[in-house]
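In what follows, a structure is listed as structure tokens, so that the remarks can point back to it.
In UniProt numbering, the protein residues as written are 1 to 269.
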């Protein structure tokens, strides 16, 4: 008993207990994560069999850039932990597989071999590697259930710096840009917020709640359906475009007027 009491009073005893406690917590957490992976993948895929098929598709079409086990390479990032939502966003918008390397992958038509089933299967495989955001359900992206007014406030506070007030997009640095949101589906908008593709930051559920995300979707889809009562919207890019058009049109009118006046004076003389 004396030996145990002496050990407990040793200056390093508290650190040993702390390290032991942290190790136990880590092992318990790892056990739960490993146990939850098949179920997590099944939720993302709809059936566990999609994981195996997804790996086969991944090895065939994606491993040349992302590595055989999605560990990443010098030219492409790791996909461990990005979740099925990232796969669905990147592939459904045609950004992946990427045709040419560049500062940013543009939106384009899906590759000929890609369809919804294959996207789901690859997403299930990637989800099984380390979890991550899953593809949202229909209720999560239903704009009819959102508050467009509240969504507008949130969009103006978090998004217009890059995407413009109407989601028309804009230029960033080093050849990157915030894309136009007019072609994005509600599901893709939600996925972009939770995965943060390319230059976009991640807006997780602690930053913007699922209900607030749905309201932002309601605002984005409502704004792009509005008409431009003043005439031609000029892409809704903003005052820079409007000023440029006014400047060029105004100078053109003044130049034509000057030519017309001088031509009249020459005829009289």
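Ideal Cβ positions, reconstructed from N, Cα and C, are used throughout, including at glycine. Because the structure is a prediction, the values reported are computed rather than measured.
- A residue is called buried once 16 or more other Cβ atoms fall within 10 Å of its Cβ, and residue 253, having fewer, is exposed.
- In the DSSP assignment, residue 49 falls within the alpha helix (DSSP H) that extends over 49-61.
- Looking at 178, 96, 209 and 211, the one whose alpha-carbon comes closest to that of residue 199 is 178.
- The beta carbon of residue 101 is closer than 7 Å to those of 75 in its chain, skipping five residues each way along the sequence.
- The continuous alpha helix (DSSP H) containing residue 186 extends over residues 186-195.
- Rounded to the nearest angstrom, the Cβ distance from residue 189 to residue 220 is 6 Å, consistent with a contact under 8 Å.
- Collapsing the DSSP output to three states places residue 169 in coil.
- The residue from 104, 136, 192 and 110 with its alpha-carbon nearest to that of residue 174 is 104.
- Here the segment 123-132 does not lie against the segment 207-215, with fewer than 3 beta-carbon pairs under 8 Å apart.
- Distance between residue 68 and residue 250, taken at the CA atoms: about 60 Å.
- In the three-state scheme derived from DSSP, where H, G and I count as helix and E and B as strand, residue 111 is classed as coil.
- Cα atoms of residue 111 and residue 127: separation of roughly 22 Å, rounded to the nearest angstrom.
- Membership of residue 155 in the alpha helix (DSSP H) is indicated by the continuous run 148-158.
- Rounded to whole angstroms, the Cβ separation of residue 187 and residue 141 is 5 Å, and the two are in contact under 8 Å.
- The Cβ atoms of residue 121 and residue 54 lie closer than 8 Å to each other.
- Where residue 127 is concerned, the enclosing alpha helix (DSSP H) starts and stops at 116-130.
- In the DSSP assignment, residue 219 is bridged to no other residue.
- For a cut-off of 8 Å, the C-beta gap from residue 90 to residue 201 is around 17 Å, too long to register as a contact.
- C-alpha of residue 23 to C-alpha of residue 115: approximately 44 Å in a straight line.
- Exclusion of the five residues before and after residue 148 leaves 218, 219 and 222 as the residues of its chain whose Cβ lies within less than 6 Å of its Cβ.
- A Cβ-Cβ separation of about 6 Å places residue 194 in contact with residue 85 under the 8 Å criterion.
- The continuous alpha helix (DSSP H) containing residue 83 extends over residues 83-92.
- According to DSSP, residue 178 shares a beta bridge with 170.
- Taking C-beta atoms under 8 Å as the contact rule, residue 180 and residue 167 qualify, at a distance of about 7 Å.
- Of the residues 125, 136, 152 and 162, the one whose Cα lies closest to the Cα of residue 62 is 125.
- About 6 Å separates the beta carbon of residue 79 from that of residue 66, a gap short enough to meet the 8 Å contact definition.
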